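Note sheet for the following structure.
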Amino acid sequence: MSDEQYPAEETTADEVYDFRAIQDRWLPVWDELEPFRAGREGDVRPRKYILDMFPYPSGDLHMGHAEAFCFGDIVSRYWRGQGFDVLHPIGWDSFGLPAENAAIKRGIDPREWTYSNIDQQKKSFRLYAPSFDWSRVLHTSDPEYYKWNQWLFLEMYKKGLAYRKASWVNWDPVDQTVLANEQVLDDGTSERSGAVVVKKKLTQWYFKITDYADRLLDDLNQLEGAWPAKVLSMQRNWIGRSIGAEVDFEVEGHPEKISVFTTRPDTLYGATFMVVAPDADLAADLVAEATPEVAEAFQSYLTAVQKTSEVDRQNAEREKTGVFLHRYAINPVSGERIPIWAADYVLADYGHGAVMAVPAHDQRDLDFARQFDLPVRVVVDTTAPVTGVLPVIEFDGEGVPILPDDIESIDPAVTGRALTGDGRLTNSGPLNGLSKTNAIRRAIEVLEERGTGRSAKTYRLRDWLISRQRYWGTPIPILHGEDGELIPVPQEQLPVRLPASEGLDLKPKGSSPLGAADAWATVVDPDTGRQLRRDPDTMDTFVDSSWYYLRFLSAQDGTQAFDPAEAEKWAPVDQYVGGVEHAILHLLYARFITKVLCDLGYVNFTEPFSAVLNQGMVLLDGSKMSKSKGNLVEFADELDEHGADALRLTLAFAGPPEEDVDWADVSVHGSAKFLARAWRVAKDVSSAPDVDWKKGDQALRRHTHRFLAEAPGLTESFKFNVVVARLMELTNVTRKVIDSGAGPADPAVREAAEVITVALSMFAPYTAEDMWHRLGYEATVANAQWRKASPTLLVEESVTAIIQVDGKVRDRVEVSPKISVEDLEALARASEAVARATVGRQIVNVIVRAPKIVNIATTTF
C-alpha cells in the first residue's frame, strides 16, 4: 500500500484521527463488557471454535506473533459477524528447555522467567486487541494443567500405550537430553540446540503411536482440501507406510530366526548376504559367542558408528563400511548359505534392524558388495518387456548376464550400477517369467506355504519418546521399587508437583535434576513402609500441546481434564491457525492423542482440527529477522509508533496469509492514512440510523451490495488482502458521494458507512468501534451482524467494457450487461480511439468476451 494512495486528510482540530486516543477510549470498555466470552448461559447461536497455536513465552511478542494472531482474529471476528457464538481462547505453552536454559543463564527460577514473560505478552496482546475469551486462560506449567498431563499418561499406561524400554535414542549433547525422531532435523542436528545429534542407549518412556500408524495415515483423507496440501504430504511421508513381506532367515548356530522386512520379496533369490545395524540388539546377540577377534572388531566398529549421525549414515555417496560377523543365514527360498555383516547404512529402528541384501537391484547393497567383494546375482531382467513372454538376455547359473562380445556389459558387478527398473524375474525358480507385481504376490504365497514368511507392513514412524532429562516439565507419575517394579501414582495424589528449583543444579549433565531432589524423589509406601523413588524424568512438552485445545473447554475445572459434554458442543476445532513448522511434530501428536481419547470414550471424534491455516513468515529485506543479523523489527516499537489497527491492516493487506511478508515492501503509513479516511466517512454521516436506505444513491448502493456479496466468500477462502482492497474501493466511492450530490445526508452513504465499519472491525477493531459509535450505535461493533446482499442491487444496469488494440487499452464504453458479441464488436470498431490506433494497420483478429472486453489484433499492411 503506497503512502500516495491515501493522501493526508484535511481535518480541523477536533476531527483528527488519533489512534492513541481511540485505543485509550475503547480498551477499557471492552475490558468491562467482555464481549468475547463464549458459551454464555442461554446463548442459542451456532458455535465455532477458532484456535491459534498458543505462544511460547520466550520474551515479548514478535512480528511472527503479530501476523499469526492477526489472521486468527480476522477469522474469529468474521464468524461472530455471521451470527456464531465463537470460542477464541488464549494460553501459554510455558514448559520447556528455552525457559530452563534462560533461567540457568540468569541464575533464576524458570518460573520467574516464564511468568514474567507471560505477563509482558498479556499486556501486548491486550493492546493488539485480538478477540480472546480471557476467562479461559491456561498455562501448561501450572499444576492445575499438568495434573491432567499426568492423568493422560496414566490412562495410556493402563491401556498399554505408555511403556518403558532400553533402546538407542537421539541424544542432544548440548542440552543433555533425549530427542524424539521428529526433533532431529534433516541435517542430523537438534532442532533445539543445533548440535549434531548422537546415539545413546537409555531406558526411556514411550507412547505407542505406532499402534495408530494406519489410522493416522488413512484419516488424512478426511482432511483433503481443509488442511494445506504440503502439511498432508509431510504427514504422509513421515508416517511412511511400506507394504511387503516379513521373511524369516534361519541362522547357523543361533536359536532364533532373523525376521527381515522387504518391499521386494520377489528378489529373494538375489539375496546374497545379510546386513544388520551395528547398534541393533540383534548384532550384539550375533557376536555374543564370537571369537575375541571378531568381538573386538565389532566393538571397535560400533564405537565409530555411534559417533556418526544418522544423516551421514544414510548418505548414498558415502563410502560403505562394515564388519563381517562370521555368522551365516540360510536363504529361505534357495537354501543358500549367506554371510551376515554389520554395516552402518542399515538403521537399528528400521524394521527389525536387518535387511536382506540384493546387490544387483539395490544401489546401496551393490556399493557394499563391490567394496567387500560379495556375490552379485541378477534376478530381474530389466531388459525384458513386461508385456512380453521371454527374456531378452540370457544368464548363467550365477545370475550373470551372458552377452555377445560386442555388447556393453549390464552386469552390476562390472558397471557399478544397480538394475532398479521393472522387468521379468529370472534365476528365481518358480518366479521366473513373472512381472514384478505378480512375482511379489507369488513370492509371498511361497513364503507362507513354507512357513518362512508372511505379508506385512512397516512404517517410518517410530514410537514417541516422551522422557526428558530436564527439570522444567511435567513429572512422570510413576514410582520405582527397588526390585524394578513400576507403580503408577494414584490419581487422587495428582498432581505430582515439581519441587522448588532452589538448591537444585539445573545445568544439563545427562540426568534429570529431579533425581537429586531426594526429599521430593523419596516416597514411603504407607501400607508396606518400603521406600520408593519417583521417576526422575519429565515429559516432552509436546504432550502439553497435544490436547490443550480440549482443556480450553473446561479451563477452570479442577475435577476433570475437560468436560465431555463441552467437547461435544465445541470440538473439534473448526479453524486452527499457526506456522507450518509444526506440520509434523505438534499436529501428528495432537491427532494421535485425540484418537486415543476417542478410543477411551472421552470424545466422539477422531481428528482435532477440522481445518488448518498456515501463515508465512515476516521477513526484512528478504531475510528472516534475528537480533544477530541486526535486521529485527520490534513488534512493540511498531505497535507504539503506528497503533494496533494500522499494524493489523498492513499484515492483512500484504498478501495471501500463507506467503511470506517482507516488512521492507509494505507501508504501515499507508494503512494509517486509509484508516483515517474510513474513520472520516463514518464521522461525516449526517442521516439518522433509521433512515430509509432504499432512497439513497443507487450506484453507491450497488457498490455496497457487491461488497456484501463478495466479501464472505473471500474471507472464508482467506483472501484477506482482497477484502481490504474491496473496502478501500468502497470507501473511495462513498467519499465521492459524500463530497458531491446529496452529500453526508444521502441514506446510501449511511448504509455504505455501516457496511464498511462492520467489515473493517475484522482488521481494525479500534477504528471500527469508534466509527460505530459515531454512527450512533452502542458498543460493541464486534457483535454487529453482517447484512445480506440484495439480489436486486446485484443486477448491473451497465458495465464498463474495455477495448484493447494489440493488448493496449484504447477505450472504455458503458454497455448493457446483456449486450451481444456482435453489438459489442460493432461498438469497438466504431470507437474513435480505436480508429486512431489502427491508422495504417490492418485488423486481423477480434476477440470479444461480452460484456467485459474486446481485444483487436492488427498488423502492418
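Sequential numbering from 1 applies to the sequence shown in the UniProt record's numbering.
Using N, Cα and C, we set each Cβ at its ideal position, and we do this for glycine too.
The model shown is predicted, which means the values in this text are computed figures rather than measured ones.
Cα-Cα separation between residue i and residue j, rounded to whole angstroms
i	j	result
residue 938	Gly481	Past the boundaries of the shown model lies residue 938; the chain is included only from 1 to 861, so the question cannot be answered.
Ile90	Val196	35 Å
Lys105	Leu506	10 Å
Met156	Ile593	10 Å
Phe69	Glu144	26 Å
Thr382	Ile584	38 Å
Lys208	Trp464	7 Å
Ala857	Ile843	6 Å
Gln82	Glu34	19 Å
Val848	Ala801	10 Å
Ala830	Arg810	12 Å
Ala517	Glu485	21 Å
Ala295	Ile340	14 Å
For residue i, the three-state DSSP class (helix, strand or coil)
i	result
Lys694	helix
Glu250	strand
Ile118	helix
Ser717	coil
Ala443	helix
Ile803	strand
Ala500	coil
Met539	strand
Phe207	strand
Asn845	strand
Glu482	coil
Asn101	helix
Met274	strand
Asn181	helix
Trp472	coil
Val661	strand
Glu814	strand
Gly388	Below a pLDDT of 50, predicted positions are generally treated as unreliable, and Gly388, at 45, falls in that range; no measurement from the model is reported.
Ser512	coil
Ala835	helix
Residue range of the alpha helix (DSSP H) that includes residue i
i	result
Met728	720-738
Trp171	Premise fails: Trp171 lies in the beta strand (DSSP E), 162-172, not in any alpha helix (DSSP H).
Asn237	229-239
Leu566	The sequence shown places Glu at residue 566, rather than the Leu named in the question. First-last of the alpha helix (DSSP H) with Glu566: 564-570.
Lys48	Note, Lys48: premise wrong, no alpha helix (DSSP H); beta strand (DSSP E) at 47-52.
Tyr146	143-158
Gln615	From DSSP, Gln615 is part of no alpha helix (DSSP H) but of the beta strand (DSSP E) over 612-615.
Ala753	747-760
residue 862	Any answer about residue 862 is impossible in this case: the structure gives the chain only from 1 up to 861.
Environment of residue i [buried if 16+ CB atoms lie within 10 Å]
i	result
Leu794	exposed
Lys201	exposed
Asp172	buried
Val839	exposed
Glu67	buried
Phe542	buried
Ala288	exposed
Phe71	buried
7 Å Cβ shell around residue i - same chain, five flanking residues per side excluded
i	result
Asp187	Val311
Glu568	Asn604
Gln5	Note that Gln5 scores a pLDDT of 38, beneath 50, so its modelled location is shaky and nothing firm can be said.
Pro747	Ser687, Val691, Asp692, Trp693, Lys695, Gly696
Range covered by the beta strand (DSSP E) that runs through residue i
i	result
Ser76	Ser76 -> not in any beta strand (DSSP E); alpha helix (DSSP H) instead, spanning 63-81.
Ser671	Ser671 -> not in any beta strand (DSSP E); alpha helix (DSSP H) instead, spanning 668-684.
Arg327	322-330
His586	Segment 585-599 is the alpha helix (DSSP H) holding His586; no beta strand (DSSP E) there.
Gln371	Note, Gln371: premise wrong, no beta strand (DSSP E); alpha helix (DSSP H) at 363-372.
Trp341	337-343
Met625	Careful: Met625 lies outside any beta strand (DSSP E) and carries neither H nor E.
Cutoff 8 Å; reference residue i; Cβ partners in own chain excluding five residues on either side
i	result
Gly807	Asn855
Thr291	His326
Leu775	Ala682, Val685, Pro689, Arg750, Ala753, Glu754, Thr757
Ala745	Ser686, Ser687
Close Cβ partners of residue i (< 6 Å) along its chain, the five nearest in sequence each way excluded
i	result
Lys48	Trp79, Phe84, Val86, Asp574
Leu649	Ser671, Phe763, Ala764
Asp621	Ala664
Contact test: residue i Cβ vs the ligand GTP heavy atom, cutoff 7 Å
i	result
Leu585	Ligands are entirely absent from the displayed structure, and the ligand GTP is therefore not among its contents.
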